[in-house]
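Q:
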Amino acid sequence: MTRTVLVTGAASGMGRIVAQRHAAAGWRVAAVDLNAAGLADTATRSPNTHTYTCDVSDPGQVAAVVDKVRSELGAIDRLVHAAGMAHVHASVLDHDVAQLRKMMDVNYIGTVNICQAVIPAMKQADTGTVVLFASLAGWLPSPGMAGYTASKHAVIGFSESLSYELHGTGVRFLVLCPPTVETPFLDAVRAENASVLGNVGGSNAEDIVDALEKALAKPKTPLFVFPGQAKPSYYLRRFLPGAARAIIRRSVHPTE
Numbered sequence: 098m099t100r101t102v103l104v105t106g107a108a109s110g111m112g113r114i115v116a117q118r119h120a121a122a123g124w125r126v127a128a129v130d131l132n133a134a135g136l137a138d139t140a141t142r143s144p145n146t147h148t149y150t151c152d153v154s155d156p157g158q159v160a161a162v163v164d165k166v167r168s169e170l171g172a173i174d175r176l177v178h179a180a181g182m183a184h185v186h187a188s189v190l191d192h193d194v195a196q197l198r199k200m201m202d203v204n205y206i207g208t209v210n211i212c213q214a215v216i217p218a219m220k221q222a223d224t225g226t227v228v229l230f231a232s233l234a235g236w237l238p239s240p241g242m243a244g245y246t247a248s249k250h251a252v253i254g255f256s257e258s259l260s261y262e263l264h265g266t267g268v269r270f271l272v273l274c275p276p277t278v279e280t281p282f283l284d285a286v287r288a289e290n291a292s293v294l295g296n297v298g299g300s301n302a303e304d305i306v307d308a309l310e311k312a313l314a315k316p317k318t319p320l321f322v323f324p325g326q327a328k329p330s331y332y333l334r335r336f337l338p339g340a341a342r343a344i345i346r347r348s349v350h351p352t353e
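The numbering used here applies: residue 98 is where the sequence shown begins, and numbers increase by one.
1. Work out the CA separation of residue 276 and residue 233 for me, nearest whole Å.
2. Which runs of the beta strand (DSSP E) spanning at least 3 residues fall entirely within the region 221-288, listed in chain order?
3. Hey, would you say residue 207 sits closer than 8 angstroms to residue 101, going by beta carbons?
4. Pick from 98, 338 and 244: whose alpha carbon is nearest that of residue 191?
5. Indicate the three-state DSSP secondary structure (helix, strand or coil) for residue 147 in the structure shown.
6. Measure the beta-carbon distance from residue 204 to residue 156 and round it to whole angstroms, keeping in mind my assumption that it falls under 8 angstroms.
7. Please report the Cβ distance between residue 258 and residue 231, rounded to the nearest whole angstrom; I am assuming they are in contact, meaning their Cβ atoms lie under 8 angstroms.
8. Which residue wins for smallest C-alpha separation from residue 221, given the options 265, 229 and 246?
9. Whose CA, out of 197, 162 and 212, lies closest to the CA of residue 177?
10. Alpha carbon to alpha carbon, how far is residue 119 from residue 138? Give it in angstroms, no decimals.
Structural data, given as structure tokens:
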């Protein structure tokens, strides 16, 4: 029986890779993004891919797209929510509040919108898998990324609360918390303010999706999955918070 996956953020980056791999594995793919041209490119490269343009921060658009996917492709067996955005600035004290609000609307409220549209039917059917993309940044804040960090911290808190509601249902739920990843998303951050990341390079996007696939292949996984360098960074933050803060502080004040 052919299964259906809905992937947000499918026009580029890790969302595109996730969509392409599911299509190659024979899934019916509902590729969702605000970038129609990027979606068209994703679909051209992959069979079984149907595209849907949507702003995830708009609950009406999200509900309409999810209804359309179900009518055209059937029940949604898996949700992979990878859509997101970032703005960076030298200081949070002069960060444009409109940009902060937009990040919260897309990264956090967008997550709420897609979960509210997709998960109730999964709960009713007592089956399904939900993957949300958070970020290591939600656990380990860094300079110049206060708004993005706050939005991902909100996703992490929302996800933990949701996990209790889904416990005992047939819905499997995990949250991917990758480190910095080399994607068009990261290119946009560098273009906006290269000094925020300095010389820091990102992980390979294919490797991060590999880690997600390995987690999904296991019968049980922790709620939060930390691929690649995210795991040691998370443990450093958890068990040696002073050392973690000192390392980050030196990235801003190297002479201290």
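Using N, Cα and C, we set each Cβ at its ideal position, and we do this for glycine too.
A: Short version:
1. Here residue 233 refers to the residue found at position 136 of the sequence shown. Here residue 276 refers to the residue found at position 179 of the sequence shown. Distance between the alpha carbons of residue 233 and residue 276 is about 5 angstroms.
2. 225-230 and 268-273
3. Numbered from its first residue, the sequence shown carries residue 207 at position 110. Numbered from its first residue, the sequence shown carries residue 101 at position 4. No; because the gap between Cβ atoms is not below 8 angstroms, this pair is not in contact.
4. Here the question's residue 191 lines up with position 94 in the sequence shown. Residue 191 has its Cα closest to that of 244, out of 98, 338 and 244.
5. Walking along the sequence shown from the start, residue 147 turns up at place 50. Three-state DSSP puts residue 147 in a strand.
6. The residue given as residue 204 occupies position 107 in the sequence shown. The residue given as residue 156 occupies position 59 in the sequence shown. Contact flag wrong, Cβ pair sits at about 15 angstroms.
7. The sequence position of residue 258 within the sequence shown is 161, counting from 1. The sequence position of residue 231 within the sequence shown is 134, counting from 1. So it is not a contact: roughly 13 angstroms between Cβ atoms.
8. Position 124 of the sequence shown, counted from the start, is the residue given in the question as residue 221. Measuring from the Cα of residue 221, the nearest candidate turns out to be 265.
9. Sequence index remark: in the sequence shown, residue 177 carries index 80 (1-based). Closest option to residue 177, Cα to Cα, is 212.
10. As a first step, residue 138 is located in the sequence shown; it is residue number 41 there, counting from the start. As a first step, residue 119 is located in the sequence shown; it is residue number 22 there, counting from the start. Approximately 16 angstroms, taken between the alpha carbons.
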